[in-house]
Amino acid sequence: MKEVETKMLERAKELLESGEVARVVGWKKGEFCYDPSPATFESVEELKDFTYDWFCGANLSKYLIQISKKEGKTAVFLKPCDTYSFNQLVKEHRIKRENIHVIAVECRGKFDIEKIKAKGISFVTGAQLDGTQVKVSTLYGEETLEKSDVVLTKCATCNKDYQVQDEAIILHERTKKDVDRFAEVAKLEAMTEEERFAFWREQLSKCIRCNACRNVCPACSCVKCVFDNPASEISAKVNSDKFEEQLFHIIRAFHVAGRCTDCGECSRVCPQHIPLHLLNRKFIKDIDNFYGEYQAGETAEGKTPLTSYTEGDTEPNDVFKGEAK
Amino acid sequence: MKKIAKAKLNELYAKISESMGLFLPIKRAGEVNYAVWGEGKEVSLETLKTVKSPKNAFFPDSENLMKFKTEGKNIEIIDVRKDYKEEKPFVLFGVKACDYKAIEVLDRVFLADPVDSYYQARREATTIVTLACSKPEESCFCKVFGIDATAPCGDVTTWLDENYLYWQANTEKGEALTALVADLLEEGGEESVATQQEATKAILEKLPFSALDLSRFKPENLNDLFNDPAWEEMSEACLGCGTCTFVCPTCQCFDIRDFKTSEGVLRYRCWDSCMYSDFTLMAHGNSRTTQMQRFRQRFMHKLVYYPSQNDGLYSCVGCGRCVNKCPQHLNIVKVIKTLGGKNDD
Ligand code: SF4
Ligand code: SF4
Ligand code: SF4
Ligand code: SF4
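As structure tokens, this is what we get:
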């Protein structure tokens, strides 16, 4: 990973020094080895804090809504999943494509520090991939974990490829994973209605309504969310009753249906580890079923299944009854 | 000092629950948060940091105040609150030193004039049992705020090791609780506690954030700190979510809102976050229009405004929850390191 970081840093320097771009969007070092933050670098001096490592899981695309409106060109490092969000935002006219220089950057999955800590490992000082395993160094010595136990949930089933790039920094090829991203959804579908209700009830009752899932979501790009708008009559800062607890999440899932690229940020950021991505994946699976295979963010052009009509379209009523196709 | 075998803790919980409510760290759907004890619940005293702090025992995430129903020109006002004087006594169990200190921070807000009677009723009805830490984590920095994680106060202080929970009553309420469960307790434990405290202190000493410099956070530096150009950079990745405020044991802001339900309008009070775009929204608009300003508000409040009104008491207790939970890894430690020890030039 170090070599990739070095190459990225060199490229960022070149771009800034030559004046080709006014700023570079990437990640900067945190207090530990595992807490980098998204950051904008406007000069070579600022790049001293630049980092790219196994913990750079954050999706940078949404920041470009604001940044692409700034004067001058911006270079951004995008992982495969991030390129889907980028395309989707370009398609929705939220990002000004002509102002962005996309550098596709290597990703072989990112690690989740909370999963490492959940194994009882603390004082982590570093982590490196070693085949299918991860070597975690700590103040107390080294621990070896299975990579599959340590990667972010969103990375565990990701087989995405770059959908947009102006150039690329890729030193290691990714291996395709033999996983079905809908397996968990199928499990939920196999439950009885009561079981499924109980599952979501249990999960959603943990929600503290911090809105991190919504605020990080690239598909949630409304200037003013209905839930923040006092005039909407459903605005709410908290789950003031049991009904509302579900309402927020279900409305949100409906609203991003057909636009959610499955970037997995919602589940990454949730402080209560609610598997929100499963709601969205259910919608993706259903859209695939009812309207034909579709992956949001694959292109920045073209029609989308839920916003275009064809004669053979499934009737909404059949969709509701689950009888379509 | 008294002690009880770990294997008998369930009996202790059951005994307390017979006559009082018992609120303690419980694992549900994979996460540990404070909740009401019941037979079969998975108690997790070992969890160092519950996701939410115990503050919602006194200051709940949301609390219904009243309902309005309209029929023609009539408005019916329905009081949905139970009488606060009827608050059932309860025990808040397993509170860590940082979270205990945080209750003092909240008390100074809610028990100051005008007293928040609901908060007060809950406070008075509660016996707090604290639990000393033995495995502090790298994000802990309670020491910076003068908190001793190995000897928290409270009505009863407890220590936990492999075999026993050690128990020491500190107040009248604590003595009463001790009497209630006396049959389950045995004498002894001083030595084990002292050994544990010593070992924990050695870890606390070495924690990476144990020596943060707070010297610049003084009322006389308010303007300099407020105008520091570093806020822009520190806040640039902030999502404006409420995670850091809602997991924080000292964040105390609330809002009063109406919600339209099928049975009329429900008025409730709920946690608010200074990170939200509608925080302090008034008829004229909003006094803070950018995320940088909101971000600055959160940390200035913790480190400058609150202490300047409360005899120098900071309203951060170093629990490290915001360090662990911010989705983009922004947090108060980064703020303290950037601004805390810098010269005034
Ligand atoms: S991030 Fe998690 S806790 Fe926060 S609002 Fe979303 S689901 Fe609820
Ligand atoms: S600092 Fe972090 S947790 Fe707090 S509002 Fe910003 S992004 Fe959310
Ligand atoms: S500001 Fe952060 S570290 Fe301080 S008390 Fe609040 S959550 Fe804990
Ligand atoms: S901050 Fe201190 S008191 Fe709080 S959990 Fe960590 S060690 Fe314990």
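Sequences listed follow chains A and B, in order. Counted from 1, the first sequence has number 197 at position 150 by this note's numbering; the numbering is strictly sequential. Counted from 1, the second sequence has number 780 at position 260 by this note's numbering; the numbering is strictly sequential. Here a beta-carbon is modelled for each residue, glycine too, at the ideal position from N, C-alpha and C.
In the structure shown, the three-state DSSP call for residue 778 (chain B) is strand. Every residue whose Cβ sits closer than 6 Å to any heavy atom of ligand 1 is listed here in chain order: A:254, A:255, A:256, A:257, A:258, A:259, A:260, A:316, A:317, A:318, A:319, A:321 and A:323. In chain order, 87, 89 and 121 place their CB closer than 6 Å to the CB of residue 70 (chain A), counting only its own chain and leaving out the 5 sequence neighbours on each side.
Distances taken from the Cβ of residue 79 (chain A) to the heavy atoms of ligand 3 include none shorter than 8 Å. Against chain B, a Cβ distance below 7 Å from residue 87 (chain A) picks out 756. Nearest to residue 273 (chain A) by alpha-carbon distance, out of B:798, B:580 and B:549, is B:798. Against chain B, the CB of residue 99 (chain A) has no partner CB under 9 Å away; the residue lies outside that interface. Within the segment 640–728 of chain B, the runs of beta strand (DSSP E) at least 3 residues long that lie entirely inside it are, in chain order, 646–651, 676–680 and 684–689. For ligand 3, no non-hydrogen atom lies closer than 8 Å to the CB of residue 860 (chain B). By alpha-carbon distance to residue 321 (chain A), the top candidate from A:343, A:204, A:242 and A:258 is A:258. Residues of the segment 252–264 of chain A with a Cβ closer than 9 Å to any Cβ of chain B, in chain order: 252, 253, 255, 256, 257, 258, 259, 260, 261, 262 and 263. Annotated as distal: residue 266 (chain A) and residue 328 (chain A), with beta-carbon spacing of 9 Å or more.
Contacts with chain A at 9 Å (Cβ-Cβ) do not include residue 609 (chain B). With 16 or more neighbouring CB atoms inside 10 Å of its own CB, residue 855 (chain B) falls in the buried class. Taking 9 Å as the threshold, the shortest C-beta distance from residue 669 (chain B) to chain A does not fall below it. Distance from residue 690 (chain B) to residue 675 (chain B) at the Cβ level is roughly 6 Å; contact confirmed, criterion being Cβ atoms closer than 8 Å.
Rounded to the nearest whole angstrom, the CA to CA distance from residue 115 (chain A) to residue 789 (chain B) is 39 Å. Contact check between the segment 237–256 of chain A and the segment 540–560 of chain B: three or more CB pairs, one atom from each, fall below 8 Å, which counts as touching. DSSP places residue 575 (chain B) within a helical segment (H, G or I) once states are collapsed to three. Nearest CB-CB separation between residue 268 (chain A) and chain B: not below the 9 Å threshold. By the criterion of at least three beta-carbon pairs nearer than 8 Å, the segment 617–632 of chain B is in contact with the segment 824–836 of chain B. Residue 148 (chain A) is bridged by DSSP to A:122. The three-state reading of DSSP puts residue 235 (chain A) in helix, counting H, G and I together. Chain-ordered, the chain A residues with CB closer than 9 Å to the CB of residue 798 (chain B) read 275, 276, 277, 282 and 284. Here DSSP, grouped into helix, strand and coil, assigns residue 525 (chain B) to strand. Ligand 2 has a heavy atom closer than 8 Å to the beta-carbon of residue 764 (chain B).
Take residue 98 (chain A), set aside five residues on each side of it, and the residues of its chain with a beta-carbon closer than 7 Å to its own are 52, 74, 75, 76 and 83, in chain order. Listed in chain order, the positions of the segment 63–88 of chain A with a beta carbon within less than 8 Å of a beta carbon of chain B are 77, 78, 79, 82, 83, 84, 85, 86 and 87. Just measuring C-alpha positions, the residue of B:859, B:712 and B:700 sitting nearest residue 683 (chain B) is B:712. Under the Cβ criterion (8 Å, minimum of three pairs), the segment 693–713 of chain B counts as touching the segment 524–540 of chain B. Close to chain A, meaning a Cβ-Cβ distance shorter than 8 Å, are the following residues of the segment 564–585 of chain B: 571, 572, 581, 582 and 584. If you draw a straight line from the Cα of residue 579 (chain B) to the Cα of residue 817 (chain B), it is about 21 Å long. At least one CB atom of chain A sits nearer than 9 Å to the CB of residue 788 (chain B). Here the C-alpha atom of residue 553 (chain B) lies approximately 16 Å from the C-alpha atom of residue 617 (chain B). Contact note: residue 170 (chain A) reaches chain B through 658, using a C-beta cutoff of 7 Å and chain order. Using a Cβ distance threshold of 9 Å, residue 727 (chain B) and residue 660 (chain B) count as a contacting pair.
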